[in-house]
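Protein chains in written order, with the numbering used here: chain A, 17 to 193; chain B, 111 to 364.
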């Protein structure tokens, strides 16, 4: 999939691209969650659960901050979700190149992030998700995480060591030559 | 857990002939919401004076500095034994609609407040506290204006049987305030005239906010660690309700 003569993506740029793709993938996941929560298949999503059951407890004793969080939490929960997505995108670029190029990498990476949440974050934080989750919710979380992985990995070429820069920048560089 | 493990042993005592304003001052000084009133005669049960009694005096337009404890305390108060399980004491409070119990073993040995119970339950029953605040909060809360007098606010709180009132925000989208039994007690203790003192000048400093879909655990932790009993519940549209320690205990007993 690589083209000889084209500039390759450096480590820093690749991570930045990973952050961007991770954010976009999280946004896509959000869109699916709008549907699954709207249909009543999911009660509380993981970022919701972390913030509302645990993280806000840290700041709830600061009245002004608590008021700010309570009245703007819809946006804050969404931003937190995108942030997790961005971190996941950056982490994806640290996988070995051979793994990143595998055609099932998106599926596997998405599933791995979901399993990571189920087995570590939820029980450690004592979230409801670790105890009272319904099978359909568990399935929906698995599906939306897989969607995240697939969108993040994309054509699984962008993050490869020999991958190309994103289109617009590549065109600019080529034009300067 | 037993009552003896959660109660306060270093309680405040008073006598029936004492002036109410002075007892209010000592309650604020010790930061407690009640005092045991010594029994008239040996062998009879002690009484209890709570901040709610002081709020009733203020709401009725009486001057706490010219009133005696004898006219307002609860004689032969409901008491708990030190070896009662906390659930039994909580049930007694929930049924009676009060927040303090005298703990007696012949003589008074301690005072148990609903906050003491919640302090024990935040860790002991944390699994039951994962439900959302909206499931336990009071939606028919009382709202007063900041320009109202403390006496008027106290009268309305007593009328509704509530321990707190939300104070309307001065500007749209800004945070509302809260006035509680404790704030009225502070006004009485400081010797201010509740008939002229405005609510806006005596808002609770110890309070916080939560959203309806946060967990009861978060509200309970904030209140027990902060030493206050009410949290204002807000959402994008403004004040949605008020959650108190009593509401949480009631939910846990249900």
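Think of the CB as a built atom: it goes at the ideal place given N, C-alpha and C, for glycine as much as any other residue.
Asked, Found
"Could you tell me the distance, in whole angstroms, from the CA atom of residue 237/B to the CA atom of residue 275/B?", "30 angstroms"
"Counting only runs that start and end within the stretch 147-222 of chain B, where is the beta strand (DSSP E) found for 3 or more residues in a row?", "157-160, 210-215"
"Which residues in the same chain as residue 155/B place their Cβ atom closer than 6 angstroms to its Cβ, once the five residues preceding and following it in sequence are excluded?", "186"
"Under 8 angstroms, with one C-beta from each stretch per pair, do the stretch 228-244 of chain B and the stretch 325-335 of chain B reach the 3-pair mark?", "yes"
"Starting from residue 354/B, trace the beta strand (DSSP E) both ways and give me its first and last residue.", "348-354"
"Closest Cβ-Cβ distance between residue 83/A and chain B: below 9 angstroms?", "yes"
"Tell me, to the nearest whole angstrom, how far the beta carbon of residue 299/B is from that of residue 138/B; I am working on the premise that it is less than 8 angstroms.", "4 angstroms"
"Just the C-alpha distance for residue 303/B and residue 297/B, rounded to the nearest angstrom, thanks.", "8 angstroms"
"Indicate whether at least one CB of chain B lies closer than 9 angstroms to the CB of residue 68/A.", "yes"
"With DSSP collapsed to three states, give me the class of residue 110/A.", "coil"
"What span of residues does the beta strand (DSSP E) with residue 287/B cover, start to end?", "287-290"
"Residue 219/B and residue 119/B - do their beta-carbons sit closer together than 9 angstroms?", "yes"
"For residue 290/B, count neighbouring Cβ atoms within 10 angstroms of its own Cβ and tell me buried if that reaches 16, exposed if not.", "buried"
"Using 8 angstroms for Cβ pairs, my map puts residue 113/B next to residue 196/B. What's the rounded Cβ distance?", "6 angstroms"
"Within 9 angstroms of any Cβ in chain B, is that where the Cβ of residue 162/A sits?", "no"
"Residue 44/A CB to nearest chain B CB: under 9 angstroms?", "no"
"Where in the stretch 258-301 of chain B do unbroken runs of the alpha helix (DSSP H), each at least 4 residues long, occur, reported from the N-terminal end onward?", "260-270, 291-300"
"Between the C-alpha atoms of residue 22/A and residue 127/A, what's the straight-line distance to the nearest angstrom?", "Below a pLDDT of 50, predicted positions are generally treated as unreliable, and residue 22/A, at 40, falls in that range; no measurement from the model is reported."
"Of all Cβ atoms in chain B, is any one closer than 9 angstroms to the Cβ of residue 106/A?", "no"
"Looking only at its chain, what residues have a beta carbon closer than 7 angstroms to the beta carbon of residue 363/B, apart from the 5 residues adjacent to it on each side?", "200, 201, 204"
"Between the alpha carbons of residue 164/A and residue 341/B, how many angstroms are there, rounded?", "38 angstroms"
"Please tell me whether residue 61/A has its Cβ less than 9 angstroms away from any Cβ of chain B.", "no"
"What's the gap between the Cα of residue 123/A and the Cα of residue 50/A?", "21 angstroms"
"Any idea what DSSP makes of residue 58/A, helix, strand or coil?", "coil"
"Exposed or buried, what is residue 221/B when buried is set at 16 or more other beta-carbons lying within 10 Å of its beta-carbon?", "buried"
"Quick check on residue 249/B - is its C-beta less than 9 angstroms from some C-beta in chain A?", "no"
"Comparing alpha-carbon positions, which option in 239/B, 235/B, 191/B lies nearest residue 216/B?", "191/B"
"As an exercise, report each continuous alpha helix (DSSP H) stretch of at least 4 residues that is fully enclosed by the stretch 89-134 of chain A, in chain order.", "89-108, 113-116, 121-132"
"Taking 9 angstroms as the cut-off, decide whether the C-beta atoms of residue 100/A and residue 169/A are in contact.", "no"
"Taking any Cβ of chain A, which residues in the stretch 312-327 of chain B have a Cβ under 8 angstroms from it, in chain order?", "317, 318, 319, 320, 321, 323, 324, 325, 327"
"Is residue 332/B close to chain A? Criterion is C-beta to C-beta, closer than 9 angstroms.", "yes"
"Check residue 241/B in the structure and name its three-state DSSP category.", "coil"
"In whole angstroms, what separates the C-alpha of residue 114/A from that of residue 160/A?", "25 angstroms"
"Nearest-angstrom Cα distance between residue 145/B and residue 249/B?", "31 angstroms"
"I'd like to confirm the pairing. Which residues does DSSP put opposite residue 328/B in its beta bridges?", "Paired residues: none, contrary to the question."
"Taking one C-beta from the stretch 171-190 of chain B and one from the stretch 335-349 of chain B each time, how about it: are there three or more such pairs within less than 8 angstroms?", "no"
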